[in-house]
Each structure stands twice: as structure tokens, then as C-alpha cells.
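Below is one structure, written out as C-alpha cells; the observations come after it.
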Amino acid sequence: MRSPYIYRFIRHFITVTHHRMLVCEGCFKIGLYYQGLVHDLSKYSPTEFLVGVRYYQGTRSPNNAEREAQGYSSAWLHHKGRNKHHYEYWIDYNTRGAQSGEDVLIPVDMPDKYLAEMVMDRIAASKVYEGKKYTNASALRYFNSGIEVVPMHPNTKKKLKRYLSYLAKYGEEKTYALLRHDLKYGMKV
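Numbering (the working numbering), first residue to last: 75 to 263.
As C-alpha cells, this is what we get:
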């Protein structure tokens with residue numbers, strides 16, 4: 075009889091590595107070589123990896139399962155604080171907010187190179203979790219599903235939706251070409 079832990083360990087390792095390789099491939103296609111190579115390395119740290127093994131399901135992020143079981147995800151809190159391709163990394167304090175009554179936490183507009191990596195991350199995650207059901211509209215469908223309820227800078231949100239919509243309409247190769255162009259000349263809102 076095969077150990078369930080060993081099985082989840084191997085499957086989670088394969089899932090994380092497959093995801094990383096897809097992001098790496100996408101990043102290379104748009105000229106983000108270093109970011110492709112170092113993408114999500116924190117997922118192999120004990121803090122993230124062992125939680126991933128414990129909550130591994132294969133059809134969605136184990137962070138969601140941990141969140142359901144614990145009320146929060148320790149792996150996600152670790153991950154988003156170390157990976158600049160997540161918009162949650164770019165939430166900061168507004169020191170004037172406490173006195174003026176404004177929101178104390180404010181989203182910051184993501185730099186273009188991290189936004190482009192986020193697009194590659196979403197394409198790869200959709201491919202990994204949807205498998206044969208993946209289409210060029212998968213990442214946009216996830217974005218539009220309302221899961222993004224935490225604060226995202228309006229410019230970041232508009233740019234992300236623009237690229238995911240372009241992907242859904244024109245496919246990967248044209249989206250990669252657009253991202254290469256925009257990384258060179260600046261992303262438009």
C-alpha cells in the first residue's frame with residue numbers, strides 16, 4: 075500500500091515544478107529571463123512546501139484548502155510577501171490615513187515587469203489546474219469570477235484585465251508579442 079503522504083509529496087512537487095516551468099517558458103518568451111528562473115522558488119521552502127503537501131488536492135491551490143481548514147493560509151502569507159508578481163505584495167500603509175479617516179492600507183501600482191510575470195503566472199496556474207479544459211479565456215474567467223476582492227491598484231487591475239482579455243481574444247503568441255512590446259515601450263492603462 076502506497077503512503078498517502080509520499081503520494082501527496084510527489085504530486086505536489088510535480089505540480090509546483092510544472093507550474094514553475096510553464097511560467098519560466100512564458101517569461102522567456104517575453105524577455106523576463108531572470109524572473110522566469112527565480113519564479114516561485116519560495117514554494118520549495120518548508121514553510122510553503124509542507125503545507126502544500128498536507129493540503130494537496132491537485133485541482134486547486136492547497137492554500138485554499140488550508141484557508142478553509144484554518145481560517146487563513148500560512149503558506150500564502152509567506153508566499154505573497156516574497157514574490158513581487160502578486161498584487162498583494164504591493165499593498166502598503168498610508169501613514170496619513172489614520173489621521174484623515176482614509177483607508178490605512180493602500181494598493182500600489184505594480185511595476186510593469188512584475189505585472190507581466192503575473193500574467194504568465196495566471197496562464198500557468200490555469201493550465202495546471204484546468205488541464206485539458208484550459209482555454210485562452212481561462213485566466214480571464216478566473217479574474218472575472220470575483221475572487222479578486224482585496225484591494226488592487228486601479229491601474230494594475232486595468233492593465234491585468236487588458237492582457238487577460240487580449241489573451242482570451244487573440245491567444246498566447248499575440249499576447250506574448252504585445253507584452254514584449256509593452257515591456258520595451260511602457261504598459262498603457
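The C-beta atom is built at its ideal place from N, Cα and C for all residues, glycine as well.
Name the DSSP bridge partner or partners of Ile37?
Because the chain in this structure spans residues 75 to 263, residue 37 falls outside the shown range and cannot be described.
Distance cut-off 6 Å: Asn229 Cβ against heavy atoms of the ligand PLP:
As presented, the structure is devoid of all ligands, the ligand PLP included, so that no description of it is given.
Exposed or buried, His255, counting other C-beta atoms within 10 Å across all chains shown (16 or more means buried)?
Burial is judged here by how many other beta carbons sit within 10 angstroms of a residue's own beta carbon; His255 has fewer than 16 and is exposed.
Enumerate in chain order the residues of its own chain whose CB-to-CB distance from Ala198 is below 7 Å, with the five nearest sequence positions on each side excluded.
Correct list, in chain order: His93, Leu96, Val97, Gly100.
In this structure, how does DSSP classify Pro228 when only helix, strand and coil are distinguished?
Pro228: helix per DSSP, three-state reduction.
Outcome for Ala213 when other beta-carbon atoms lying within 10 angstroms are tallied against a minimum of 16:
Answer is buried; the Cβ neighbour count reaches 16.
To the nearest angstrom, report how far apart Arg134 and Tyr208 are at their CA atoms.
For Arg134 and Tyr208, the distance between alpha carbons rounds to 13 Å.
Could you work out which residue in Asn210, Asp183, Leu241, Lys201 is closest to Lys231 when comparing CA atoms only?
Put simply, of Asn210, Asp183, Leu241, Lys201 the residue whose alpha carbon is nearest the alpha carbon of Lys231 is Asp183.
From Ser200 to Asn168, what distance separates their C-alpha atoms?
Between Ser200 and Asn168, the C-alpha separation is close to 34 Å.
Between which residues of its own chain and Leu257 is the CB-CB distance below 7 Å, once the five residues before and five after are set aside?
The residues are Ile104, Gly105, Asp186, Lys187, Ala190.
Leu124 versus Trp150 - alpha carbon distance
When rounded, the distance between both Cα atoms is 12 Å.
Out of Pro78, Tyr79, Ser77, Lys117, which one is the CA nearest neighbour of Thr91?
Closest option to Thr91, Cα to Cα, is Lys117.
For Arg82, which residues in the same chain have their Cβ closer than 6 Å to its Cβ, ignoring the five residues on either side in sequence?
Excluding residues within five positions, the ones whose Cβ falls inside 6 Å are Val127, Tyr130.
Whole-number beta carbon distance between Glu122 and His153, since they are thought to touch under 8 Å
Glu122 and His153 do touch by the CB rule: their CB atoms are close to 6 Å apart, below 8 Å.
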